[in-house]
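As structure tokens, the structure follows; a few thoughts come after it.
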Ligand code: C2E
Ligand code: MG
Ligand code: MG
Ligand code: MG
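Numbering (the numbering used here), first residue to last: 2 to 288.
Below, the structure written as structure tokens:
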């Protein structure tokens, strides 16, 4: 009966909610343990110049395996570390480790690091970031920081100040996930971004949604007019790569080009760019 079905829906809904809460509690408990943040590892995803397919940078991506829950996405656990106030410790560890890995790449290859939205709106954050990489021995010139527009919401003035300070020190500032969320044009005016990262949704809709192509073309033109470089995210197919090239998007990354790799592997790829191209060719043949 309809009544019975209704109850079933309510029951499975509350079961799902209970599971969510249990999961969340387990993650919080683990992250509260001193030392857990040291278990968080890094993977490095290659970023290529699309015309020449040369390796230009690696984006550092946090990787954490919970003892019972298995691998947990940084999109899920980073916000929890922010709420628990352990993000500061996590950044200290991850950025330090990432900088040490970057030192083993040729100097022409940049490290791109995602900044925590909560930290970006904290006074003194830029100084901390600069101290961490300098202590590791990495020049700020080799750093690119990635920020999402939501990171600018809670305290715009402080965020802008931090970004200006990083920029003055020689780091590049990238707007991450542009095309997702509100994609407010005002931020492009208010903050001097060097680079705009085109959200995966813009890239993947190009061969499906009918407005995908004009939108992508328009966003690329906008970035060009603003003097910003573009990095396309989530390039998964050869067709997407060819189209992005044709449209003049200079840089890109994605599973179709290279998946995030271990620190060890990043060194091999960085030293002999050929390996990355082989990976790329294999990935293309498989797709
Ligand atoms: P993001 O900065 O936009 O990172 C790109 C995400 O897309 C990564 O997910 C990456 O694994 C994934 N990706 C790369 N290529 C493809 C593709 O071709 N297709 C698809 N579908 N996905 C692709 P990941 O590693 O799960 O990270 C999720 C988000 O967590 C990141 O989004 C970033 O905002 C945040 N994050 C990751 N590492 C850190 C970190 O160390 N610190 C901070 N504060 N945030 C981080
Ligand atoms: Mg990013
Ligand atoms: Mg992104
Ligand atoms: Mg993204």
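Just so it is clear, CB atoms sit at the ideal spot from N, CA and C, and this is done for glycine as well.
Exercise. By Cβ distance below 7 Å, which residues in the same chain neighbour residue 244 in space, the five residues on each side in sequence not counted?
Worked result: Here the question's residue 244 lines up with position 243 in the chain shown. 207, listed in sequence order.
Exercise. Quick one: what does DSSP say residue 189 is sitting in, helix, strand or coil?
Worked result: The residue you call residue 189 lines up with position 188 of the chain shown. Three-state DSSP puts residue 189 in a helix.
Problem set entry | Closer than 7 Å: residue 235 CB and nearest ligand 1 heavy atom | Start at 1 with the first residue of the chain shown, and residue 235 comes out as number 234. Annotation for residue 235 indicates a beta carbon within 7 Å of some heavy atom of ligand 1.
Problem set entry | residue 193 versus residue 124 - alpha carbon distance | Indexing the chain shown from 1 puts residue 193 at position 192. Indexing the chain shown from 1 puts residue 124 at position 123. Residue 193 and residue 124: Cα-Cα distance of roughly 19 Å.
Problem set entry | At least three beta-carbon pairs within less than 8 Å, the segment 68 to 82 to the segment 265 to 273 | no
For this session: Measure the C-alpha to C-alpha separation of residue 2 and residue 40 and round it to an integer number of angstroms.
Result: Against the chain shown, residue 2 aligns to sequence position 1. Against the chain shown, residue 40 aligns to sequence position 39. Low confidence applies to residue 2: its pLDDT is 48, below 50, so where it sits in the model is not reliable, and the reading given next is rough at best. Cα-Cα distance, rounded: 51 Å.
Problem set entry | Where residue 115 sits in the DSSP three-state scheme | Residue mapping note: residue 115 aligns to position 114 of the chain shown, counting from 1. Three-state DSSP puts residue 115 in a strand.
Exercise. Considering only residues of the same chain and omitting the five flanking positions on each side of residue 168, which have a CB-CB separation below 7 Å?
Worked result: Sequence index remark: in the chain shown, residue 168 carries index 167 (1-based). In its chain, beyond the 5 residues on either side, 174, 193 have a beta carbon closer than 7 Å to the beta carbon of residue 168.
For this session: Could you pull out every residue in the same chain whose Cβ sits closer than 6 Å to the Cβ of residue 195, ignoring the five residues on either side in sequence?
Result: By 1-based counting over the chain shown, the position of residue 195 is 194. Once the five neighbours on either side are set aside, the close Cβ partners of residue 195 are 173, 174.
For this session: Taking residue 231 as part of the beta strand (DSSP E), name the residues at either end of that continuous run.
Result: Numbered from its first residue, the chain shown carries residue 231 at position 230. Unbroken beta strand (DSSP E) run through residue 231: 230 to 233.
For this session: Mind listing which residues have their beta carbon within less than 5 Å of any non-hydrogen atom of ligand 2? Chain order is fine.
Result: 115, 147, 177
Exercise. Is it true that the segment 104 to 113 meets the segment 51 to 60, where meeting means three or more beta-carbon pairs spaced less than 8 Å apart?
Worked result: yes
Problem set entry | Alpha-carbon spacing of residue 14 relative to residue 25, whole angstroms | Taking the chain shown and counting its residues from 1, one reaches residue 14 at position 13. Taking the chain shown and counting its residues from 1, one reaches residue 25 at position 24. Looking at the two C-alpha atoms, the distance is approximately 17 Å.
Problem set entry | Rounded C-alpha distance that separates residue 234 from residue 258 | Counting from 1 along the chain shown, the entry for residue 234 is found at position 233. Counting from 1 along the chain shown, the entry for residue 258 is found at position 257. Roughly 10 Å between the two C-alpha positions.
Exercise. Tell me, which residues are paired with residue 50 by DSSP?
Worked result: Working through the chain shown from its first residue, we reach residue 50 at position 49. Assignment of beta-bridge partners to residue 50 by DSSP yields 252.
Problem set entry | For residue 252 and residue 32, the rounded distance between their alpha carbons | Here residue 32 is taken as the residue at index 31 of the chain shown, counted from 1. Here residue 252 is taken as the residue at index 251 of the chain shown, counted from 1. Cα-Cα distance, rounded: 35 Å.
Problem set entry | Residues near residue 288 in its chain [Cβ-Cβ closer than 8 Å; skip 5 each side] | The residue given as residue 288 occupies position 287 in the chain shown. Low confidence applies here, because residue 288 scores a pLDDT of 49, under 50, leaving its location unreliable; read the following figure in that light. 237, 238, 239, 257, listed in sequence order.
Problem set entry | Distance, residue 77 Cα to residue 84 Cα | Taking the first residue of the chain shown as 1, we reach residue 84 at position 83. Taking the first residue of the chain shown as 1, we reach residue 77 at position 76. When rounded, the distance between both Cα atoms is 12 Å.
Problem set entry | Reference residue 151, options 181, 162, 254, closest by Cα | For this step, residue 151 is matched to residue 150 along the chain shown. Minimum Cα distance to residue 151 is reached at 181.
Exercise. From 38, 115, 96, pick the residue whose C-alpha is nearest to that of residue 86; which is it?
Worked result: Residue 86 sits at position 85 when you count from the first residue of the chain shown. Residue 86 has its Cα closest to that of 38, out of 38, 115, 96.
Exercise. Sorry if obvious, but does the Cβ on residue 179 come closer than 7 Å to a heavy atom of ligand 1?
Worked result: The sequence position of residue 179 within the chain shown is 178, counting from 1. False, no ligand heavy atom lies under 7 Å from that Cβ.
For this session: Work out the CA separation of residue 20 and residue 81 for me, nearest whole Å.
Result: Within the chain shown, the letter at position 80 stands for residue 81. Within the chain shown, the letter at position 19 stands for residue 20. C-alpha separation (whole angstroms): 17 Å.
Exercise. Beta carbon of residue 268: closer than 7 Å to some heavy atom of ligand 6?
Worked result: No copy of ligand 6 occurs in the structure displayed; its ligands are ligand 1, ligand 2, ligand 3 and ligand 4 alone.
For this session: Consult DSSP for residue 59 and reduce its assignment to one of helix, strand or coil.
Result: To locate residue 59, count along the chain shown from 1; it is residue 58. It is a strand residue.
For this session: Could you have a look at residue 194 and say whether DSSP puts it in helix, strand or coil?
Result: Position 193 of the chain shown, counted from the first residue, corresponds to residue 194. Of the three classes helix, strand and coil, the one that applies to residue 194 here is coil, per DSSP.
Exercise. In whole angstroms, what separates the C-alpha of residue 102 from that of residue 211?
Worked result: Reading the chain shown from its first residue, position 101 is the one you call residue 102. Reading the chain shown from its first residue, position 210 is the one you call residue 211. Those two C-alpha atoms are separated by around 42 Å.
Problem set entry | Supposed close pair residue 89, residue 114 - CB separation, criterion 8 Å | Here the question's residue 89 lines up with position 88 in the chain shown. Here the question's residue 114 lines up with position 113 in the chain shown. For a cut-off of 8 Å, the C-beta gap from residue 89 to residue 114 is around 15 Å, too long to register as a contact.
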